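Colleague:
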Amino acid sequence: MEKALEEAQRALEQGEFPVGCVIVHKGEVVASGGRSQSKGPRPSEIHHAEIIALNRLANAGGIPPDPPLTVYTTLEPCLMCYGALLLSGIREIVYAFEDVMGGGTGCDLARLAPLYRSRRVTLVPHVCREESISLLKTYFRTPSNHYWEGSLLARYTLSQ
Numbered sequence: 002m003e004k005a006l007e008e009a010q011r012a013l014e015q016g017e018f019p020v021g022c023v024i025v026h027k028g029e030v031v032a033s034g035g036r037s038q039s040k041g042p043r044p045s046e047i048h049h050a051e052i053i054a055l056n057r058l059a060n061a062g063g064i065p066p067d068p069p070l071t072v073y074t075t076l077e078p079c080l081m082c083y084g085a086l087l088l089s090g091i092r093e094i095v096y097a098f099e100d101v102m103g104g105g106t107g108c109d110l111a112r113l114a115p116l117y118r119s120r121r122v123t124l125v126p127h128v129c130r131e132e133s134i135s136l137l138k139t140y141f142r143t144p145s146n147h148y149w150e151g152s153l154l155a156r157y158t159l160s161q
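Numbering follows the numbering used here, with no gaps: position 11 of the sequence shown is 12.
1. Return the CA-CA distance between W149 and A155, expressed in angstroms with no decimal places.
2. Would you identify the three-state DSSP class for I53, choosing helix, strand or coil?
3. Could you give the first and the last residue of the continuous beta strand (DSSP E) run that contains E8?
4. Between S133 and the rest of its own chain, which residues show a CB-CB distance below 6 Å, the 5 nearest in sequence each way excluded?
5. So does the region 3 to 15 actually touch the region 100 to 118, counting three or more Cβ pairs closer than 8 Å?
6. Helix, strand or coil: how does DSSP classify F18 here?
7. Compute the Euclidean distance between the alpha carbons of S33 and E77, then round it to the nearest angstrom.
8. What did DSSP end up calling L113 once you bin it into helix, strand or coil?
9. For T158, tell me which candidate among R57, N146, G28, K138 has the shortest Cα-Cα distance.
10. Over what stretch of residues does the beta strand (DSSP E) that includes S33 continue unbroken?
11. Rounded to whole angstroms, what is the Cα-Cα separation between G107 and L80?
12. With DSSP as the reference, label Y148 as helix, strand or coil.
13. How far does the alpha helix (DSSP H) with I134 in it extend, from its first residue to its last?
14. Leaving aside the five residues before and after S152 along the sequence, list all residues of the same chain whose C-beta is less than 7 Å from its C-beta, in chain order.
15. If you run the structure through DSSP and keep just helix, strand and coil, what is R118?
16. Is it right to say A1 is buried, meaning 16 or more other beta carbons lie within 10 angstroms of its own, or is it exposed?
17. In terms of residues, what are the limits of the beta strand (DSSP E) holding A155?
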């Protein structure tokens, strides 16, 4: 999780929404990513840390033939990222801070289509939670950062 927090810190230093992600195989980081393109009047909703890490893993040769893979991310994955992680064969997701506004891990996989229903994943929440909250508070308290300004996530984070 320390390396995911470093990715989130780098994103914050670049004025981006501070979320970081690493993918680990057999104790080694095989891919990482930080949130990008969250600045400006038209932020991208596909450049999430998890998607960037998955793209980097694919560009580095793809999923290793002998899983399992573990993802460490500083914010609970949204539905898009959760689905992509499941389809990529990730079997353990460790996250720091719950996303009360857009977290996807509460999705009941048993009620979805067979492609998702058959996936098994272990979720481990609240690892380094305070460190993630600190980065997000810094982001939301910076007047020039407008991404999710005033949102449920912003209000919840600032109340922690």
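Where a beta carbon is used, it is the ideal one built from N, C-alpha and C, also for glycine.
If you're wondering where the values come from, they're calculated on a predicted model, not measured in any experiment.
Modeller: If we stick to the structure as given:
1. Stepping through the sequence shown from its first residue, residue 149 is reached at position 148. Stepping through the sequence shown from its first residue, residue 155 is reached at position 154. Near 7 Å, if we compare the C-alpha coordinates of A155 and W149.
2. For the purposes of this step, residue 53 is taken as the residue at position 52 of the sequence shown. Here I53 sits in helix by DSSP.
3. Numbered from its first residue, the sequence shown carries residue 8 at position 7. No beta strand (DSSP E) holds E8; the alpha helix (DSSP H) holding it covers 3 to 14.
4. Translated into the one-based positions of the sequence shown, residue 133 becomes position 132. Hits under 6 Å: T75, A97, F98.
5. no
6. Counted from its first residue, the sequence shown places residue 18 at position 17. It is coil, neither helix nor strand.
7. Along the sequence shown, read from residue 1 onward, the residue named residue 33 stands at position 32. Along the sequence shown, read from residue 1 onward, the residue named residue 77 stands at position 76. Taking the straight line joining both Cα atoms gives about 16 Å.
8. The sequence position of residue 113 within the sequence shown is 112, counting from 1. Looking at L113 - three-state DSSP - the assignment turns out to be coil, as it is neither helix nor strand.
9. Start at 1 with the first residue of the sequence shown, and residue 158 comes out as number 157. Nearest option by C-alpha distance: K138.
10. Within the sequence shown, the letter at position 32 stands for residue 33. Per DSSP, S33 belongs to the beta strand (DSSP E) from 29 to 35.
11. In the sequence shown, residue 107 corresponds to position 106, counting from 1. In the sequence shown, residue 80 corresponds to position 79, counting from 1. Each residue's alpha carbon lies about 9 Å from the other.
12. Within the sequence shown, the letter at position 147 stands for residue 148. Reduced to three states, the DSSP call for Y148 is coil.
13. Within the sequence shown, the letter at position 133 stands for residue 134. Note, I134: alpha helix (DSSP H), 130 to 142.
14. Translated into the one-based positions of the sequence shown, residue 152 becomes position 151. Answer for S152: M102, listed in chain order.
15. In the sequence shown, counting from the first residue as 1, residue 118 sits at position 117. Residue state, collapsed to three classes: helix.
16. With the chain running from 2 to 161 in the structure shown, residue 1 is simply not present.
17. As a position in the sequence shown, residue 155 is number 154, starting the count at 1. Segment 153 to 160 is the alpha helix (DSSP H) holding A155; no beta strand (DSSP E) there.
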